Each structure stands twice: as C-alpha cells, then as structure tokens.
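Step one of this worksheet: look at the structure below.
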Amino acid sequence: MSNPFTLSFGKKPYEYISRIQQTDEILHDFNTEHPVSQVYMLTGVRGSGKTVLMSAIANHLSEKNDWIVVELNPTRDLLKGLASKLYEKEKLKAVFINAKLDFSILGIGVHIEGASPVTDIETAIEQMLKIIQHMHKRVLITIDEVENSQTVREFVSAFQIYMRENYPVFLLMTGLYDKINALQNSNNVTFLYRAPKIEMGPLDTGAVVNSYRQIFDINTERAKNLASLTMGYPFAYQVLGFLCYKNKCALNPEPILSEYDQRLSEYVYTKIWSEMSGNDKRIAVAMTESQEVSEIMKRSGMKKSEFSPYRARLIKRGLVYSPERGKLRFLLPRFSEFVEVNY
1 MSNPFTLSFG KKPYEYISRI QQTDEILHDF NTEHPVSQVY MLTGVRGSGK TVLMSAIANH
61 LSEKNDWIVV ELNPTRDLLK GLASKLYEKE KLKAVFINAK LDFSILGIGV HIEGASPVTD
121 IETAIEQMLK IIQHMHKRVL ITIDEVENSQ TVREFVSAFQ IYMRENYPVF LLMTGLYDKI
181 NALQNSNNVT FLYRAPKIEM GPLDTGAVVN SYRQIFDINT ERAKNLASLT MGYPFAYQVL
241 GFLCYKNKCA LNPEPILSEY DQRLSEYVYT KIWSEMSGND KRIAVAMTES QEVSEIMKRS
301 GMKKSEFSPY RARLIKRGLV YSPERGKLRF LLPRFSEFVE VNY
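Numbering follows my numbering, with no gaps: position 332 of the sequence shown is 332.
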C-alpha cells in the first residue's frame with residue numbers, strides 16, 4: 001500500500017479527518033429553503049485545512065443535480081471568470097444559446113443572429129442567473145486564498161447585488177485572518193461582517209488518535225503519543241503520519257523528529273514567521289521562555305496597553321491560545337522549538 005498521507009497543500013489527502021460540524025453547518029444552510037447566510041468565510045493559519053474543507057463541500061454539492069459549482073482564481077478577473085465558467089457548463093450552455101443570450105462582445109460564447117449583444121459583464125451574469133433560477137438550480141462559487149484586491153472587491157460588490165435580487169448564488173471563500181479582515185473593512189463590502197466566519201481550529205483529538213491507531217495498528221497510548229506531537233494541526237497530522245509510515249517508526253517517532261521539525265519549518269513555519277510583525281515576533285520569542293502573560297510582557301518589553309492588541313491578533317490568527325487566565329501558549333506543534341532554533 002502506498003503512503004496514505006500527503007505533504008501537498010489544498011488537495012484532499014487519501015487519509016483525511018473530516019470536520020463534521022463545520023461541514024454540516026455550511027451544507028445545511030446552503031441547502032435550506034431560506035438560508036441564514038449565502039456567504040461563508042473559512043479562515044485560519046496556513047496548513048489548517050481551509051482549502052480541503054472548501055473542496056470537500058464543493059465536491060459534495062457538485063454531485064447534486066440542483067447545484068452548479070464554479071471555482072474562481074482570485075488573481076484574475078473574477079466577474080469574467082464567473083461568466084465564462086457558467087457559460088461553458090455542459091448543462092447550461094445549450095440553454096443559454098436557446099435563450100438567445102449573445103455575449104460574444106464580452107469574449108464569451110458565440111454571436112447569435114438577431115439577438116442584441118450584451119456589453120456589460122454584470123448584466124451578462126444576471127441574465128444567466130435568471131435562467132438558472134428558472135431551472136431551480138443553485139450556484140456555489142468558491143474562491144481560495146482571497147486578498148483585499150480590486151478584483152475581489154469588485155466581485156464581492158456585484159455578488160451582493162445578485163444576492164439582494166434573490167438569485168440563487170452562494171459564496172465560499174478561504175483566506176488568512178489578516179486578508180479576510182482587511183477585505184471586511186473595505187468600503188462597499190461591509191456586508192461581509194455579517195457573513196459567518198469559521199475559524200479552522202485544531203482537529204478533534206480523538207479522531208487523530210483513532211486514525212493513527214488504525215493505520216499503524218498500534219495501541220491507544222502510542223497513538224496518543226503521536227497525536228500529541230501534532231496538537232491537532234492538520235498539516236502536522238499529515239507530515240508526522242507521512243514520516244512514520246515512510247520510516248516505519250510509529251512505535252517510536254523519536255528518530256524522525258528532526259525531519260518532522262524541518263518539514264514544518266520549510267513548508268509552513270518560515271512563511272508564517274515572515275508574515276508576523278516585529279511585535280508579534282517579540283512576543284513569540286518571549287513565549288519560548290515562559291507561558292505566564294506577566295513574564296511574556298516583561299521579556300518582550302511591552303506594557304499591557306501595547307501587548308493586548310497583539311495578543312488578541314495572534315489568537316485570531318490561530319498562532320496562540322489562552323488555556324487559562326494569565327497564560328499564553330503556542331497553538332502550533334513545536335513552534336516554540338522552531339523559534340528557539342532559528343530566532
């Protein structure tokens with residue numbers, strides 16, 4: 001049997017621990033007659049499984065006859081991308097042509113004799129959505145790793161209009177906390193503040209333990225030992241599983257810990273560190289010496305008024321957590337060792 005774990009980002013791995021609660025919440029809302037929200041945002045640290053969860057939901061709905069799923073690239077013209085992908089859907093193209101929708105001037109589809117060419121991309125999408133609505137179908141649009149860019153803001157503003165017109169459109173986006181927060185604070189897209197934001201926390205400990213126990217055929221205590229090394233971080237679960245399977249060392253992972261640290265550093269932690277502010281880094285360095293907030297402030301040379309907003313942001317970004325009052329710990333496995341060795 002080939003290694004069931006993967007080091008690739010985004011693609012759903014063969015050995016996958018599903019996030020049942022979050023998946024069910026989104027699917028139930030999107031499928032209900034009167035959805036609470038037509039927009040969900042998945043946010044979390046790199047490697048937390050945002051893209052995998054989004055893909056799992058998209059794949060599930062794409063198998064339903066009443067759903068049309070479109071994945072968009074956030075670095076390109078999103079409105080034109082949506083129009084093009086809707087037009088080229090096998091179950092829709094013939095219907096659009098029969099309805100004499102001529103989008104040829106926009107570079108979409110073919111010229112239709114006797115039809116008035118549509119010259120505005122938002123109007124083109126609206127005409128397609130009207131037909132889709134009459135077909136009693138719904139459209140899920142997915143965008144991975146959004147940023148506060150002009151093309152994303154234009155798209156979200158148009159989406160808001162389509163939503164107000166009661167078209168059956170749904171949006172699922174992923175992004176880092178800082179990127180999502182910046183987008184929410186932009187003019188004309190503040191409606192995103194009311195959209196549910198699901199923060200991708202650690203995986204269920206019991207699910208990680210059971211997975212390792214079954215795959216490696218080891219007892220519960222040894223599986224717990226492996227699970228503790230991941231702290232529920234999805235990418236760490238994959239990396240540790242990959243290395244243990246490759247080196248046949250699930251009974252004693254000690255020999256592969258240095259490679260485990262190296263993989264986490266090269267694939268994720270170095271990038272995370274580069275995105276942290278100077279004060280974020282001061283706090284992280286201080287945390288390698290103590291978990292007491294008072295001691296962390298002392299070692300980082302920060303007063304409470306200065307420390308508090310950075311502490312809150314580090315928690316929101318999924319890098320640290322407070323297990324109890326006056327304590328602060330890293331949420332990522334062996335991140336303290338990474339900081340100690342490299343900085």
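No residue lacks a Cβ here, since even glycine has one placed at the ideal position from N, Cα and C. Just so it is clear, the structure is predicted and the values come from calculations on it, not from any experiment.
* To do: Note down, one range per segment and in chain order, each alpha helix (DSSP H) of at least 4 residues found wholly within the stretch 110–166.
  => 121–134, 150–164
* Asked: Y220 by DSSP, collapsed to three states: which one?
  -> Working through the sequence shown from its first residue, we reach residue 220 at position 220. The question names Tyr, but residue 220 is Thr in the sequence shown. Correct three-state label for T220: helix.
* Asked: Mapping DSSP to helix, strand and coil, what is K50?
  -> As a first step, residue 50 is located in the sequence shown; it is residue number 50 there, counting from the start. Helix.
* Given 8 Å as the limit, is there contact between the stretch 330–342 and the stretch 221–241, that is, 3 or more CB pairs closer than that? -> yes
* Which residues DSSP lists as bridging F307, in chain order -> Here residue 307 refers to the residue found at position 307 of the sequence shown. In DSSP, F307 forms no bridge with anything.
* Near I131, what residues of its chain come up, given a Cβ to Cβ distance below 7 Å and the 5 sequence neighbours on each side ignored? -> The residue labelled residue 131 in the question sits at position 131 within the sequence shown. Excluding residues within five positions, the ones whose Cβ falls inside 7 Å are V95, F96, A99.
* Under the rule that 16 or more other beta-carbon atoms within 10 Å means buried, what is G107, buried or exposed? -> Counting from 1 along the sequence shown, the entry for residue 107 is found at position 107. Classification for G107: exposed.
* To do: Measure the alpha-carbon distance for Q38 versus M276 and round it to whole angstroms.
  => As a position in the sequence shown, residue 38 is number 38, starting the count at 1. As a position in the sequence shown, residue 276 is number 276, starting the count at 1. C-alpha separation (whole angstroms): 32 Å.
* For F170, which of V320, Y16, F30 has the nearest alpha-carbon? -> For the purposes of this step, residue 170 is identified with residue 170 of the sequence shown, where counting begins at 1. Ranking the options by Cα distance to F170, first place goes to F30.
* To do: Indicate the three-state DSSP secondary structure (helix, strand or coil) for V268 in the structure shown.
  => Taking the first residue of the sequence shown as 1, we reach residue 268 at position 268. Helix.
* Asked: Between which two residues does the beta strand (DSSP E) harbouring L42 extend?
  -> Translated into positions along the sequence shown, residue 42 becomes position 42. Unbroken beta strand (DSSP E) run through L42: 39–43.
* Asked: Between T142 and V52, is the Cβ-Cβ spacing less than 9 Å?
  -> Within the sequence shown, numbered from 1, the residue matching residue 142 stands at position 142. Within the sequence shown, numbered from 1, the residue matching residue 52 stands at position 52. It is not a contact, given that the beta carbons lie outside the stated cut-off.
* Taking the alpha-carbon positions, what's the V285 to E340 distance? -> One-based indexing of the sequence shown puts residue 285 at position 285. One-based indexing of the sequence shown puts residue 340 at position 340. Going from the Cα of V285 to the Cα of E340 covers about 7 Å.
* Asked: Within 10 angstroms of its Cβ, does Y343 collect 16 or more other Cβ (buried), or is it exposed?
  -> For the purposes of this step, residue 343 is taken as residue 343 along the sequence shown, with counting starting at 1. Label assigned to Y343: exposed.
* Range covered by the alpha helix (DSSP H) that runs through G107 -> Translated into positions along the sequence shown, residue 107 becomes position 107. Unbroken run through G107: none, as it is neither H nor E.
* Asked: Are the Cβ atoms of E15 and S300 separated by less than 9 Å?
  -> Within the sequence shown, residue 15 is the residue found at index 15, counting from 1. Within the sequence shown, residue 300 is the residue found at index 300, counting from 1. Result no, Cβ atoms of E15 and S300 do not sit closer than 9 Å.
* To do: Would you kindly work out how many angstroms separate the C-alpha atoms of M297 and V45, rounded to a whole number?
  => The residue labelled residue 297 in the question sits at position 297 within the sequence shown. The residue labelled residue 45 in the question sits at position 45 within the sequence shown. Roughly 24 Å between the two C-alpha positions.
* To do: Within 10 angstroms of the Cβ of D280, are there 16 or more other Cβ atoms? Answer buried if so, exposed if not.
  => Numbered from 1 along the sequence shown, position 280 holds the residue referred to as residue 280. The residue is buried, with at least 16 neighbouring Cβ atoms inside 10 Å.
* Asked: Hey, how far is the Cα of S290 from the Cα of T151?
  -> For the purposes of this step, residue 290 is taken as the residue at position 290 of the sequence shown. For the purposes of this step, residue 151 is taken as the residue at position 151 of the sequence shown. Each residue's alpha carbon lies about 44 Å from the other.
* To do: Check the DSSP bridge columns for I68 and list the partner residues they point to.
  => Position 68 of the sequence shown, counted from the first residue, corresponds to residue 68. Answer is V139, bridged to I68.
* Asked: For V95, which three-state DSSP category applies?
  -> Reading the sequence shown from its first residue, position 95 is the one you call residue 95. Helix at V95.
* To do: Can you grab the Cα-Cα spacing for the pair D178 / K304, in whole Å?
  => By one-based count along the sequence shown, residue 178 stands at place 178. By one-based count along the sequence shown, residue 304 stands at place 304. For D178 and K304, the distance between alpha carbons rounds to 22 Å.
* Please classify R317: does DSSP put it in a helix, a strand, or coil? => Here residue 317 refers to the residue found at position 317 of the sequence shown. The answer is coil: DSSP assigns R317 none of H, G, I, E or B.
* To do: Have a look at L82, G10, R311 and flag the residue whose alpha-carbon is nearest the alpha-carbon of A56.
  => Walking along the sequence shown from the start, residue 56 turns up at place 56. With distances taken between Cα atoms, A56 lies closest to G10.
* To do: Mind checking which residues open and close the beta strand (DSSP E) that includes E199?
  => Residue mapping note: residue 199 aligns to position 199 of the sequence shown, counting from 1. Per DSSP, E199 belongs to the beta strand (DSSP E) from 197–199.
* To do: Locate the alpha helix (DSSP H) running through G326, then write down its first and last residues.
  => What you label residue 326 is simply residue 326 of the sequence shown in a count that begins at 1. Looking at the DSSP string, G326 is not in any alpha helix (DSSP H), and its letter there is neither H nor E.
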